[in-house]
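Residues in the sequence shown are numbered from 1 upward in steps of one, following the UniProt record's numbering. Presented below is the structure to which this report refers.
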Amino acid sequence: MADIAAVTDADFESTVLKAEGPVLVDFWASWCGPCRQLAPILEEIANEKEGALTIVKMDADANPVTPAQYRVTGLPTINLYYQGELVRSIVGVRPKSAILTEISEFVA
């Protein structure tokens, strides 16, 4: 069972940008209904891609610096980072298949 850990402004660089493989960051907020819809989809992906993909979540309200830096203006936003670079950005809730298609170039 893969665990989706929380990431903060303080540890974003070490956890996400300096990670070995691809990292999917879920920018969310507690008041965001679509964010709650997306959570179980990301849990399924985390379980299926364990070892090939790291998924973390960032509370955009509690950590305003990183979302502003990456121009996250709508929630939920899912950003895929690979080798320290933002390579994909998905805004809104998408079906699992659509998310997997978007990230397939970077995730085995």
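Where a beta carbon is used, it is the ideal one built from N, C-alpha and C, also for glycine. Please read all numbers here as calculations on a predicted model, not as lab measurements.
For residue 54, there is no enclosing alpha helix (DSSP H); the enclosing beta strand (DSSP E) has its first and last residue at 54-59. Per the Cβ contact rule, the stretch 45-61 is in contact with the stretch 21-28 (3 or more Cβ pairs under 8 Å). Following the DSSP letters along the chain, one finds residue 86 inside the beta strand (DSSP E) bounded by residues 85-91. The Cβ atoms of residue 77 and residue 9 do not sit closer than 8 Å to each other.
By the criterion of a C-beta distance shorter than 8 Å, residue 50 is surrounded in its chain by 2, once the five residues flanking it on both sides are discounted.
In the three-state reduction of the DSSP assignment, residue 79 falls in the strand class, which pools E and B.
Assigned with DSSP and collapsed to three states, residue 108 falls in coil, not helix or strand. When DSSP states are grouped into helix, strand and coil, residue 23 belongs to the strand group.
Sequence-distant partners of residue 75 (beyond 5 residues in either direction) whose C-beta falls short of 8 Å from its own C-beta, in its chain, are 27, 28, 29, 32, 34, 35, 60. Nearest to residue 106 by C-alpha distance, out of 79, 93, 91, is 79.
Taking the CA atoms as reference points, residue 40 sits about 22 Å from residue 15.
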